[in-house]
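Residue numbers (the numbering used here), protein chains in the order written: chain E, 6 to 213; chain H, 6 to 213. Beta carbons are placed, not taken as given, at the ideal position from N, Cα and C, and that holds for glycine. On a predicted model such as this, the values are computed, not experimentally measured, just so you know.
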């Protein structure tokens with residue numbers, strides 16, 4: 006949209022960096038799959054991880070599954086925007102695809118664990134921070150049990166982590182509730198947040 | 006939505022007071038008509054005015070058309086949230102319907118001229134301020150000419166006013182562009198802004 010004929014030009018929408026974080030096991034991947042299918046003009050950043058691929062995951066779609074050595078190489082050559090170790094596995098966000106998409110004017114969404122969000126917020130305070138939550142911790146427990154990828158001890162650790170993650174909520178701009186059976190609602194909320202952010206009088210100025 | 010089972014409760018969405026302002030002749034009434042028809046659970050505040058009713062306007066829908074004496078009575082008894090004189094006519098927002106709707110948990114939208122927005126912002130800084138603009142001032146001029154309710158001198162005054170109104174843009178949270186023939190887009194933007202505001206981690210605390 007061009008406003009150059011206005012004596013007082015209106016702000017032009019800038020590409021957004023959207024940080025999707027929230028409870029581990031809260032449905033971030035389901036939401037990203039939904040966003041991928043929604044046809045929104047949105048670049049979905051694919052993280053790198055050293056953890057084992059789950060049966061329903063595709064390399065290059067859900068994650069780039071890489072070795073510890075390769076992960077370390079990416080850190081050493083400053084190719085990661087952010088990285089963290091979560092439950093003994095390493096996760097990172099490759100910097101270059103994010104930078105390129107933003108430069109082309111495309112909105113980018115990155116999925117980051119709550120502990121990584123603090124890092125991103127320091128580097129890029131002008132990103133849009135969305136916390137994905139389940140309506141109740143009980144719901145999260147049920148979801149994790151259904152996934153059957155955790156032992157009881159791991160499950161207990163995850164619930165403790167969830168409580169700690171919720172304490173970080175105030176770092177975020179928005180909280181989206183992922184209700185059971187209502188993924189569409191959460192995706193509609195995220196779509197609305199993106200549309201509203203495009204209408205901000207003071208656009209967020211990213212420098213990446 | 007109830008979050009009482011969470012050890013760290015999520016913020017509950019609060020009712021919003023949405024202030025729709027922007028260029029005189031920029032299409033605020035068209036947008037309100039669209040919102041009225043959209044079926045959104047939104048209370049649309051009907052302003053009082055001393056100006057003459059236009060042929061396409063309905064008393065009690067677009068405005069309550071009242072006398073100068075009655076308007077003064079409303080001011081004197083503190084029944085107006087805000088009032089202003091624009092082009093020699095008085096406009097005001099009745100306080101009680103707004104307060105009641107918010108108390109019942111309903112979102113309320115009030116239409117206010119740019120000069121009135123500054124007043125509302127002082128009283129209620131936690132309202133959501135939306136500026137409705139045309140893509141170009143030329144478009145506004147065309148729209149006003151089509152309306153044929155202004156003399157050339159009035160038209161010139163309105164264009165000058167529009168430039169002054171645009172200078173106040175920074176008072177607002179959001180700017181929505183009302184493009185010719187695309188009222189639906191502007192309504193979708195406003196709907197998205199409302200949905201996004203409901204997801205805020207720190208809900209706006211209104212005291213009215």
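Quick check: is the beta carbon of residue i nearer than 8 Å to any beta carbon in chain H?
i: residue 24 of chain E; result: no
i: residue 179 of chain E; result: yes
i: residue 6 of chain E; result: Residue confidence for residue 6 of chain E is low, a pLDDT of 39 falling below 50, so the modelled location carries little weight; the figure read from the coordinates is stated next. By this cut-off, residue 6 of chain E is an interface position.
When the Cα atoms are used, what is the spatial distance from residue i to residue j?
i: residue 119 of chain E; j: residue 27 of chain E; result: 6 Å
i: residue 66 of chain H; j: residue 102 of chain H; result: 14 Å
i: residue 140 of chain H; j: residue 184 of chain H; result: 6 Å
i: residue 126 of chain H; j: residue 24 of chain H; result: 9 Å
i: residue 108 of chain H; j: residue 157 of chain E; result: 46 Å
i: residue 9 of chain E; j: residue 144 of chain E; result: Since pLDDT at residue 9 of chain E reaches only 39, below the 50 mark, its modelled position is unreliable, and the value read off the structure follows with that caveat. Going from the Cα of residue 9 of chain E to the Cα of residue 144 of chain E covers about 51 Å.
i: residue 80 of chain H; j: residue 169 of chain E; result: 52 Å
i: residue 49 of chain E; j: residue 129 of chain E; result: 17 Å
i: residue 175 of chain H; j: residue 207 of chain E; result: 8 Å
i: residue 111 of chain E; j: residue 97 of chain H; result: 43 Å
i: residue 150 of chain E; j: residue 138 of chain H; result: 51 Å
i: residue 210 of chain H; j: residue 202 of chain H; result: 12 Å
i: residue 196 of chain E; j: residue 45 of chain E; result: 8 Å
i: residue 254 of chain E; j: residue 72 of chain E; result: Lying outside 6 to 213, the shown extent of chain E, residue 254 of chain E is not represented and no answer is given.
i: residue 134 of chain H; j: residue 187 of chain H; result: 21 Å
i: residue 37 of chain H; j: residue 95 of chain E; result: 51 Å
i: residue 41 of chain H; j: residue 192 of chain E; result: 25 Å
i: residue 30 of chain H; j: residue 148 of chain H; result: 7 Å
i: residue 77 of chain E; j: residue 19 of chain H; result: 46 Å
i: residue 213 of chain H; j: residue 155 of chain E; result: 50 Å
i: residue 180 of chain E; j: residue 74 of chain E; result: 36 Å
i: residue 86 of chain E; j: residue 100 of chain E; result: 5 Å
i: residue 35 of chain E; j: residue 61 of chain E; result: 11 Å
i: residue 90 of chain E; j: residue 131 of chain E; result: 24 Å
i: residue 64 of chain E; j: residue 166 of chain H; result: 58 Å
Got a sec: is the Cβ-Cβ distance from residue i to anything in chain E below 8 Å?
i: residue 175 of chain H; result: yes
i: residue 136 of chain H; result: yes
i: residue 119 of chain H; result: no
i: residue 112 of chain H; result: no
i: residue 11 of chain H; result: Any reading at residue 11 of chain H must be qualified, since the residue scores a pLDDT of 46, below 50, and its modelled position is unreliable; the value itself is stated next. It does; some Cβ of chain E falls within 8 Å.
Checking contacts by CB at 8 Å: is residue i closer than that to chain B?
i: residue 76 of chain H; result: Among the protein chains in the structure shown, which are E and H, there is no chain B.
- Query: Mind pulling the alpha helix (DSSP H) runs of 4 or more residues that sit fully within the stretch 61-137 of chain H?
  - Reply: Listed in chain order, they are 73-81, 100-108, 119-128.
- Taking only beta carbons into account, state which residues of the stretch 189-212 of chain E come closer than 9 Å to chain H, listed in chain order. Against chain H - using a Cβ distance shorter than 9 Å - the residues of the stretch 189-212 of chain E are 193, 194, 195, 196, 197, 198, 199, 200, 201, 202, 203, 204, 205, 206, 207.
- Query: Does the stretch 45-61 of chain E come close enough to the stretch 110-117 of chain E that 3 or more CB-CB pairs lie under 8 Å?
  - Reply: Touching, yes, given that three or more Cβ pairs across the two stretches are closer than 8 Å.
- Every unbroken alpha helix (DSSP H) inside the stretch 155-210 of chain H [4 residues or more]: Fully enclosed alpha helix (DSSP H) runs of 4 or longer: 157-171, 188-203.
- Item | Entirely enclosed alpha helix (DSSP H) segments - the stretch 17-65 of chain E, minimum 4 residues | Considered as a whole, the stretch 17-65 of chain E harbours 33-43 as its complete alpha helix (DSSP H) runs of no fewer than 4 residues, in chain order.
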